[in-house]
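Notes for the one structure printed next.
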Amino acid sequence: PHFIIQVRGKKDAICFNIDEEPGTVLRLIQDPITGLTVNGQIIGDQGNSSNSKNRKTYLGKVGIVNSPMDLRIEVTTEKITLHNGAAQSTFSWLDTVTVTSERFSVKINREAMVVSFGKGITFKVILHQVWKKHHIHLHFLGFYVLDSDKMSTKSHGLLGQFFRPLAFQVSDLNPGNDPSKIHATMLVKKYRLAVTRGYQKDYRKDVHNGTQVGCWFVHNNGQGVIDGVHSDYIVSDLF
Amino acid sequence: VLDEKADDIEVYSTKVSCKVTSRFAHNVVTTRAVNRADAAKEVSFDVELPKTAFITNFTLTIDGVTYPGNVKEKEVAKKQYEKAVSQGKTAGLVKASGRKLEKFTVSVNVAAGSKVTFELTYEELLKRNKGKYEMYLKVQPKQLVKDFEIEVDIFEPQGISMLDAQASFITNDLLGSALSKSFSGKKGHVSFKPSLDQQRSCPTCGDTLLNGDFIITYDVNRESPANVQIVNGYFVHFFAPQGLPVVPKNVVFVIDISGSMYGRKIEQTRDALLKILEDIKEEDYLNFILFDSDVTTWKDTLVQATPENIQEAREFVKNIRDRGMTNINDGLLTGISMLNKAREEHTVPERSTSIVIMLTDGDANVGESRPAKIQENVLSAIGGRFPLYNLGFGNNLNYNFLESLALENDGFARRIYEDSDANLQLQGFYEEVANPLLTSVEVEYPENAILDLTRNTYQHFYDGSEIVVAGRLVDEDMNNFKADVKGHGALTDLTFTEEVDLKEMEKALQEQDYIFGSYIERLWAYLTIEQLLDKRKNAHGSEKENLTAQALDLSLKYHFVTPLTSMVVTKPEDSDNQMAIADKPGEASYQPPSSPYYYVDGD
Chain X
819 PHFIIQVRGK KDAICFNIDE EPGTVLRLIQ DPITGLTVNG QIIGDQGNSS NSKNRKTYLG
879 KVGIVNSPMD LRIEVTTEKI TLHNGAAQST FSWLDTVTVT SERFSVKINR EAMVVSFGKG
939 ITFKVILHQV WKKHHIHLHF LGFYVLDSDK MSTKSHGLLG QFFRPLAFQV SDLNPGNDPS
999 KIHATMLVKK YRLAVTRGYQ KDYRKDVHNG TQVGCWFVHN NGQGVIDGVH SDYIVSDLF
Chain R
197 VLDEKADDIE VYSTKVSCKV TSRFAHNVVT TRAVNRADAA KEVSFDVELP KTAFITNFTL
257 TIDGVTYPGN VKEKEVAKKQ YEKAVSQGKT AGLVKASGRK LEKFTVSVNV AAGSKVTFEL
317 TYEELLKRNK GKYEMYLKVQ PKQLVKDFEI EVDIFEPQGI SMLDAQASFI TNDLLGSALS
377 KSFSGKKGHV SFKPSLDQQR SCPTCGDTLL NGDFIITYDV NRESPANVQI VNGYFVHFFA
437 PQGLPVVPKN VVFVIDISGS MYGRKIEQTR DALLKILEDI KEEDYLNFIL FDSDVTTWKD
497 TLVQATPENI QEAREFVKNI RDRGMTNIND GLLTGISMLN KAREEHTVPE RSTSIVIMLT
557 DGDANVGESR PAKIQENVLS AIGGRFPLYN LGFGNNLNYN FLESLALEND GFARRIYEDS
617 DANLQLQGFY EEVANPLLTS VEVEYPENAI LDLTRNTYQH FYDGSEIVVA GRLVDEDMNN
677 FKADVKGHGA LTDLTFTEEV DLKEMEKALQ EQDYIFGSYI ERLWAYLTIE QLLDKRKNAH
737 GSEKENLTAQ ALDLSLKYHF VTPLTSMVVT KPEDSDNQMA IADKPGEASY QPPSSPYYYV
797 DGD
């Protein structure tokens, strides 16, 4: 999956891919202050299973946990399941439904689910649908943190660690053969990283077409820009 | 082989054609016979149809001349009928028959060598119960029929998820091969065409083994919780969400233990309650209120259905004994007050729902015994906070009172028939209301966009059921239609929104023309009449007159034989017109079935 980080305090974005085997679960957010945890499970295209380098991977399942509320939300490309204590409610992506309680709300509207907790912490999960009988591609999910300033700066995870300001500088801009892919050097966390200017799509507002976001692409699974290495974020289960 | 034309009347064709579109069933029963005798003979035609159905048409055709049935206001029909009665030329055509059915019977004299065709049409909205729609046909030809067939075509825009057909008389492979059932996508088909040999009760017999119930069950896909269909300016909105947790219940059983419950009734009540106790979930709260001349409670307050309490309840139920008279008023008020108190004192979960289930076999005859006063007391005590369900056991009771009482408190009444399966009937009823998924359900449409809406608020949505709302669009040319369904779930409040693009729907619905185009309008009319008749049961004065006028108007407009209308059938008897009349018998006019109740013979 692609990660896009709109860096706090900068009008610029960093992006990276995490390439792992389908089935791998990644920790996206763990916030010890709010008790929120978000994990994502990777799925891969159905073709070229033997050649993992060429295989595109996506988020196929997202698990959102709010420990103080004893609430778990499991989002797959098929359905959305709310585990509220021992009780369980299941919705399909075809539902247009708003679920409200004093502590949280969930709004499902065909291709997007927005979940809000307490004072403004809001996540959005988007369903990207492909042609049902496509022999390679599968439906996949996009996960967005809206109002990330409401999350605590003590957060961890592939996304969570960026809820605090990150200082970086880009220099040595070097237009390569493709003018849209400028190469440069990023100075971040005492590392000098070779980065490439690229574009990713933000689907928060337009689920079908997305909006282009320019970002500095960090190679090798975000190595250098993320704390530790990507395998540090692999967890055993969605919950 | 016995002569299958023993009576010289040969029924050579019987066809039952059912077309179901979006739960609305349009059934036509056609029988053709010929009189092979040298003299005129009487030919009779009997059809048993569901009580929930409305007859819409009947025609009698003799030697190419058709005599249609005319739906008229009951009073007008009665005048004609009375005139005919005085001449000794009439017959009532419909009477109650058993639990679920009404029997339509007509007979006519047919000249030697003449042919006669009977065609009866009736319509009904199939209701979803325990996760499926059920269509019930009684099959009982009086003789072997050369061309016998039942053809059922189902069209459901949501897609059919399961379809089954069972007949109580199909016990061997031979007859089983006459039955075919299939479904794919939006269409389902059931066909039953037994040959003459397959119909014989034994290879050398001349009598038929086709005798019993033919039941078709099906359900639709539920990818989305709701489905709206709009045709010719009328809409229907089906709502049945899946996958929601069950709302905990606070249930009070108010049980009549008066002397008339002596014997099997009290035994069956005990059996049913013991079974129901097995099904009660631990998060539920319950209590038993027993009434005879006095009122006895199991516990002073509602208690949670913990394993210990359930064990204790079982012991209590096992010791229920009949005695005394019938004090319905105090029994009900005790139960209602207990539920109200539990809510006020927060001794039951905040997000829970309350239900009163009363079982009685007779009229109130001690304490406050005036039905109107009991209704007033109960209505005021419940105050619209929860539903009351009344189960009427046996025949010696004022069922109209029980029905009115339940209807005005958002519940319904059900008869429990005094048969060997009475305990299963009780348990079955409990299963229907055991799993509320939503409470205080309200279906909302854009203001000023709709007219003539059927009921759109419900105390409960139960798992396995379906809420159906129909209405008319103010502007047929509108592009979008939006509906919100709001309800309280076990843990959260939910709002389901359904948006329909009318242009897209028009395209999608074009393919279903093969069934019948005006089905939504008729479905709306059926539902409206049904609900007006229910409301009318508790209305008085000008309100009642108003409701009656509306229901009558619709019954006449759509040719439905309802309790307000009659169908007059003019028969060509000896060139001197005779009349027969088809009325809808109400529950109040229930006649205990003769033994066995399924005995049918017009002769």
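As given, the protein sequences belong to chains X and R, one line each in that order. Here the first sequence is numbered in our numbering, starting from 819 and rising by one per residue. Here the second sequence is numbered in our numbering, starting from 197 and rising by one per residue. Even glycine gets a Cβ: it sits at the ideal position worked out from N, Cα and C.
Asked: Spatial neighbours of residue 347 of chain R within its chain, please: C-beta separation below 6 Å, excluding the five flanking residues on both sides.; Found: 213, 387
Asked: Who are the near neighbours of residue 710 of chain R in its chain, counting only those whose CB is closer than 7 Å to its CB and skipping five residues on each side?; Found: At residue 710 of chain R the pLDDT is 49, less than 50, meaning the model places this residue with poor confidence and gives no usable figure here.
Asked: Taking the beta carbon of residue 1029 of chain X as the centre, do at least 16 other beta carbons fall within 10 Å, making it buried, or is it exposed?; Found: exposed
Asked: Would you check if there are 3 or more beta carbon pairs closer than 8 Å linking the segment 512 to 527 of chain R to the segment 465 to 476 of chain R?; Found: yes
Asked: Compare the C-beta of residue 910 of chain X with all C-beta atoms of chain R and state if any pair is closer than 8 Å.; Found: yes
Asked: Take the Cβ of residue 425 of chain R as the centre, count every other Cβ of all protein chains shown within 10 Å, and call the residue buried at 16 or more, exposed below.; Found: buried
Asked: With 8 Å as the C-beta to C-beta threshold (strictly closer), list the residues of the segment 682 to 700 of chain R near chain X in chain order.; Found: 685, 686, 687, 688, 689, 690, 691, 692, 693, 694, 695
Asked: Following the continuous alpha helix (DSSP H) through residue 535 of chain R, name the residue where it begins and the one where it ends.; Found: 524 to 540
Asked: Can you tell me whether DSSP reads residue 684 of chain R as helix, strand or coil?; Found: strand
Asked: Where does residue 1040 of chain X sit, in a helix, a strand or coil, going by DSSP?; Found: helix
Asked: Give the interface partners of residue 919 of chain X over in chain R, defined as CB-CB distance under 8 Å, in chain order.; Found: 687, 688, 689
Asked: Where does residue 995 of chain X land, buried or exposed, given buried means 16+ other C-beta within 10 angstroms?; Found: exposed
Asked: Do you know how far the Cα of residue 306 of chain R is from the Cα of residue 771 of chain R?; Found: The predicted position of residue 771 of chain R is uncertain, since its pLDDT is 49 and thus under 50; no value can be drawn from it.
Asked: What first and last residue would you give for the beta strand (DSSP E) that runs through residue 1016 of chain X?; Found: 1009 to 1020
Asked: Can you give me the C-alpha to C-alpha distance between residue 329 of chain R and residue 720 of chain R, rounded to a whole angstrom?; Found: 18 Å
Asked: Along chain R, which residues have their Cβ under 9 Å away from the Cβ of residue 885 of chain X?; Found: Residues of chain R passing the Cβ test: none, with the nearest at roughly 17 Å.
Asked: How big is the Cα-Cα spacing for residue 211 of chain R and residue 753 of chain R?; Found: 27 Å
Asked: Confirm, please, whether the CB-CB distance from residue 586 of chain R to residue 522 of chain R is below 8 Å.; Found: no
Asked: Counting only Cβ-Cβ distances shorter than 8 Å, please list the residues of the segment 417 to 435 of chain R near chain X, keeping chain order.; Found: 419, 420, 421
Asked: Got a sec? Which residues, its chain only, sit under 7 Å from residue 264 of chain R by beta carbon, not counting five neighbours each side?; Found: 255
Asked: Taking C-beta pairs closer than 7 Å, name the residues in chain R that residue 913 of chain X reaches, listed in chain order.; Found: 420, 421, 692
Asked: Just the chain X side, please: which residues come within less than 7 Å of residue 634 of chain R by C-beta, in chain order?; Found: Ordered by position in chain X, no residue passes the 7 Å Cβ test against residue 634 of chain R, which lies about 11 Å from the chain.
Asked: When you compare the CB positions of residue 444 of chain R and residue 583 of chain R, do they come within less than 8 Å of one another, or not?; Found: no
Asked: Could you list which residues in chain R have their beta carbon closer than 8 Å to that of residue 906 of chain X, in chain order?; Found: 439, 441
Asked: Taking the C-alpha atoms as reference points, what is the distance between residue 440 of chain R and residue 483 of chain R?; Found: 26 Å
Asked: In three-state DSSP terms, what is residue 378 of chain R?; Found: strand
Asked: Just to confirm my understanding: we take residue 633 of chain R, look at its own chain, exclude 5 residues before and 5 after, and list those with CB closer than 6 Å. What are they?; Found: 440, 657, 659
Asked: Indicate whether at least one CB of chain R lies closer than 8 Å to the CB of residue 940 of chain X.; Found: no
Asked: I need the straight-line Cα distance from residue 927 of chain X to residue 692 of chain R, nearest angstrom please.; Found: 10 Å
Asked: Given residue 818 of chain R, which residues of its chain have a CB within under 7 Å of its CB, disregarding the five upstream and five downstream residues?; Found: A query on residue 818 of chain R cannot be resolved here, the shown segment of chain R reaching from 197 to 799 and no further.
Asked: Closest to residue 332 of chain R by CA distance: which of R:340, R:323, R:591 is it?; Found: R:323
Asked: Could you list which residues in chain R have their beta carbon closer than 8 Å to that of residue 895 of chain X, in chain order?; Found: Within chain R, no residue comes near residue 895 of chain X; the closest Cβ sits about 14 Å away, beyond 8 Å.
Asked: Considering only the beta carbon of each residue, do residue 434 of chain R and residue 662 of chain R sit closer than 8 Å?; Found: yes
Asked: Please report the residue range of the alpha helix (DSSP H) in which residue 570 of chain R lies.; Found: 567 to 578
Asked: Can you pull the chain R residues whose beta carbon is under 9 Å from the beta carbon of residue 902 of chain X, in chain order?; Found: 441, 686, 687, 688
Asked: Shorter than 8 Å from the beta carbon of residue 663 of chain R to some beta carbon of chain B?; Found: The structure shown has no chain B; the protein chains it does contain are X and R.
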